[in-house]
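Undergrad: In the numbering used here, the protein residues as written are 443 to 953.
Glycine is no exception: its CB is placed at the ideal position from the N, C-alpha and C atoms.
1. Sorted by chain position, which residues of the same chain lie with C-beta nearer than 6 Å to residue 799's C-beta, five sequence neighbours on each side aside?
2. Note the first and the last residue of the continuous beta strand (DSSP E) segment covering residue 935.
3. Report the option in 934, 874, 903 whose CA atom is closest to the CA atom of residue 892.
4. Please look up how many angstroms separate the CB atoms of residue 719 and residue 814, rounded, as I've assumed it's under 8 Å.
5. Determine, using beta-carbon pairs with one atom in the region 739-748 and one in the region 788-798, whether at least three such pairs fall under 8 Å.
6. Can you check whether the CB of residue 729 is closer than 9 Å to the CB of residue 660?
7. Report the residue from 569, 598, 576 whose alpha carbon sits nearest the alpha carbon of residue 583.
8. So the beta strand (DSSP E) residue 923 belongs to, where does it begin and stop?
9. Tell me, please, which residues DSSP counts as bridged to residue 535.
10. State the DSSP-derived secondary structure class of residue 790, mapped to helix, strand or coil.
11. Using three-state DSSP, classify residue 659 as helix, strand or coil.
12. Of all the options 558, 535, 569, 758, which has the alpha carbon lying nearest to the alpha carbon of residue 585?
13. Could you check the C-alpha separation between residue 514 and residue 654 for me, to the nearest Å?
14. What separation, rounded to the nearest whole angstrom, lies between the Cα atoms of residue 501 and residue 727?
15. With DSSP collapsed to three states, give me the class of residue 709.
16. Across the region 884-902 and the region 853-862, are there enough close Cβ pairs to call them in contact, namely three or more that are closer than 8 Å?
17. One question on the structure: do residue 517 and residue 489 come within less than 9 Å of each other, judged by their Cβ atoms?
18. If you drop the 5 nearest sequence neighbours on each side, which residues of the same chain put their C-beta closer than 7 Å to that of residue 467?
19. Taking 8 Å as the threshold, find out whether the region 753-768 comes into contact with the region 677-695 through three or more Cβ pairs.
20. For the beta strand (DSSP E) containing residue 903, list its first residue and its last residue.
21. Go ahead and label residue 561 buried or exposed: buried means 16 or more other beta carbons lie within 10 angstroms of its beta carbon, across all protein chains shown.
22. Just mark residue 469 as buried or exposed, buried being the case when its beta carbon has 16 or more other beta carbons within 10 Å.
23. DSSP three-state label for residue 948, please.
24. In whole angstroms, what separates the C-alpha of residue 939 from that of residue 713?
25. Quick one: grab the DSSP three-state call for residue 502.
26. Which same chain residues, not among the five before or five after residue 797, have their C-beta less than 7 Å away from its C-beta?
27. Does residue 636 come out as helix, strand or coil in the three-state DSSP assignment?
28. What are the partner residues of residue 759, as DSSP defines its beta bridges?
29. Residue 765 and residue 724: beta carbons closer than 9 Å?
30. Helix, strand or coil for residue 953 per DSSP?
31. Indicate the three-state DSSP secondary structure (helix, strand or coil) for residue 666 in the structure shown.
32. Since residue 625 and residue 602 should fall inside the 8 Å C-beta cutoff, what is the C-beta to C-beta distance between them, to a whole number of angstroms?
33. Would you identify the three-state DSSP class for residue 464, choosing helix, strand or coil?
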């Protein structure tokens, strides 16, 4: 009969309490600040020596290259690891006996805990909608199993302790489906049967009766993009594919032509104008390529289940996005006295010379990118601040401006002798793409106007400022698709944003 072991884990922070403790694994005493310590023993109280202890991030996925803090128990069954804030998975095992626990923020946890190391168990089951679910594992461990073509899996050996099974991740490594928590049985197999996955990642698009496939053309014959850009948002106009008057927006889904679900956000779904405009997040936009597919599905009305990644979320470094007056995602983003107008995509924001724009402070960020479409309908009477900060101190001022000759200027008051100017004046009554970025590490400032990237310059930008971003006061015209990111988008990204939105560029080709 297999011997069952016990584990006593003491996640304490010792601050010289005077105990007469022996040395822990790795040669440290228990009186180590910011250390996580424990003791392994069997049910009879005998210490378990040589057991491995591993601390992994709770979002770790098996197969990924990563290093972890680990140690082994000493002759007294004791061990010590650095204490870290965050969510972690702590696993101890020796032979077929295992123990695991999820712990949030070990620092400051002063309460002892009792856990038992038991003989490993197994889990079997079947995942519904298995065409999208390929792998299943225990959060923060190396325990993983692959599903067969019918969705069946056998997972083990796994610790007989409460665990969280997760399945499928997006290309950024974010778990999209959390199935549920379960406790395996020591030395036995838990049969779960059929597990219904009610999530965005688990939908089976084979159930959708209608579809249309397009070739994504980023070669010189299409969007003419260069470089590789993960999680790139593109605008998909569906007017030639389906009729919003006959198709409900709840029917729509997208994948990459090979089964990978793609996040999307509907901006226009107008049955009267028969117009449909949708933002779709490509897994990767590979410049110069004709190899990617985009597939649209409809014909099955089904509310989108939870779990879909955000199109313009913080995971992709977006601070704020404004599609229109009513569709915006950023705390404090307002457009006093502005009105709605027809945009290059959906509705735009109209300024009549008295309206303005207000945002939260972004000038204290070391890296940023700002992009937007602009359509001036009248020449300014003087230089207008489109976006930036105003202050009595030059060292705190910066901005993207439109001069009275319709030339775009980007500048910093801390480097008053340096500026970037657009190569030509902006046309009246036409949309122009403008994108600026600043690299805080290299102090490099860049500007892209339409598809033309100006030579970068080195400038000083305000390093610390609580001043809000304002602008557009005195501007007459329209603003659309304002995007603010807490990262440096390279110039190829900035140019491709324009190329995949401009209505005259045939970058998507429906079969």
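TA: Reading off the structure:
1. By 1-based counting over the chain shown, the position of residue 799 is 357. The answer, listed in chain order, is 777, 913, 914.
2. As a first step, residue 935 is located in the chain shown; it is residue number 493 there, counting from the start. First-last for residue 935: 933-941, but that is the alpha helix (DSSP H), not the beta strand (DSSP E).
3. Taking the chain shown and counting its residues from 1, one reaches residue 892 at position 450. Looking at the Cα atoms, 874 is the closest of the given residues.
4. To locate residue 719, count along the chain shown from 1; it is residue 277. To locate residue 814, count along the chain shown from 1; it is residue 372. No, residue 719 and residue 814 are not in contact; Cβ-Cβ is about 17 Å, not under 8 Å.
5. no
6. On the chain shown, position 218 is the one that residue 660 refers to. On the chain shown, position 287 is the one that residue 729 refers to. Result yes, Cβ atoms of residue 660 and residue 729 sit closer than 9 Å.
7. As a first step, residue 583 is located in the chain shown; it is residue number 141 there, counting from the start. The option with the nearest alpha carbon to residue 583 is 598.
8. Numbered from 1 along the chain shown, position 481 holds the residue referred to as residue 923. Per DSSP, residue 923 belongs to the beta strand (DSSP E) from 918-927.
9. For this step, residue 535 is matched to residue 93 along the chain shown. The partner list for residue 535 (beta bridge, DSSP) reads 494, 540.
10. What you label residue 790 is simply residue 348 of the chain shown in a count that begins at 1. Residue 790: strand per DSSP, three-state reduction.
11. Here residue 659 refers to the residue found at position 217 of the chain shown. Here residue 659 sits in coil by DSSP.
12. Translated into positions along the chain shown, residue 585 becomes position 143. Comparing Cα positions, the closest option is 535.
13. Locating residue 514 in the chain shown gives position 72, counting from the first residue. Locating residue 654 in the chain shown gives position 212, counting from the first residue. Each residue's alpha carbon lies about 56 Å from the other.
14. Stepping through the chain shown from its first residue, residue 501 is reached at position 59. Stepping through the chain shown from its first residue, residue 727 is reached at position 285. In a straight line, the C-alpha of residue 501 is about 26 Å away from that of residue 727.
15. Along the chain shown, one-based indexing puts residue 709 at 267. Residue 709 falls in the strand class under three-state DSSP.
16. yes
17. If you number the chain shown from 1, residue 517 lands on position 75. If you number the chain shown from 1, residue 489 lands on position 47. Yes, the pair counts as a contact, with Cβ atoms nearer than the cut-off.
18. For the purposes of this step, residue 467 is taken as residue 25 along the chain shown, with counting starting at 1. Legend: pLDDT at residue 467 = 39, less than 50; position of this residue unreliable, no value from coordinates given.
19. no
20. As a first step, residue 903 must be located in the chain shown, where it is residue number 461. No beta strand (DSSP E) holds residue 903; DSSP gives it neither H nor E.
21. Reading the chain shown from its first residue, position 119 is the one you call residue 561. So residue 561 counts as buried.
22. One-based indexing of the chain shown puts residue 469 at position 27. Reliability fails at residue 469, whose pLDDT of 36 lies under 50, so the model's placement of it is uncertain and the value that follows must be treated cautiously. It is exposed - the Cβ of residue 469 has fewer than 16 other Cβ atoms within 10 Å.
23. By 1-based counting over the chain shown, the position of residue 948 is 506. Coil.
24. Taking the first residue of the chain shown as 1, we reach residue 939 at position 497. Taking the first residue of the chain shown as 1, we reach residue 713 at position 271. For residue 939 and residue 713, the distance between alpha carbons rounds to 27 Å.
25. To locate residue 502, count along the chain shown from 1; it is residue 60. Residue 502 falls in the coil class under three-state DSSP.
26. The residue given as residue 797 occupies position 355 in the chain shown. Taken in chain order, the residues that qualify are 777, 778, 779, 780, 914.
27. On the chain shown, residue 636 is found 194 positions in, with the first residue counted as 1. Residue 636 falls in the strand class under three-state DSSP.
28. The sequence position of residue 759 within the chain shown is 317, counting from 1. The partner list for residue 759 (beta bridge, DSSP) is empty, contrary to what the question assumes.
29. Here residue 765 refers to the residue found at position 323 when the chain shown is read from its first residue. Here residue 724 refers to the residue found at position 282 when the chain shown is read from its first residue. Not closer than 9 Å, so no.
30. As a working note, residue 953 is residue 511 in the chain shown. In the structure shown, residue 953 sits in coil (DSSP, three-state: anything other than H, G, I, E or B).
31. Here the question's residue 666 lines up with position 224 in the chain shown. In this structure, residue 666 counts as coil in the three-state DSSP scheme.
32. Here the question's residue 625 lines up with position 183 in the chain shown. Here the question's residue 602 lines up with position 160 in the chain shown. Yes, they are in contact, since the Cβ atoms of residue 625 and residue 602 sit about 7 Å apart, within 8 Å.
33. The residue labelled residue 464 in the question sits at position 22 within the chain shown. Since pLDDT at residue 464 reaches only 31, below the 50 mark, its modelled position is unreliable, and the value read off the structure follows with that caveat. Of the three classes helix, strand and coil, the one that applies to residue 464 here is coil, per DSSP.
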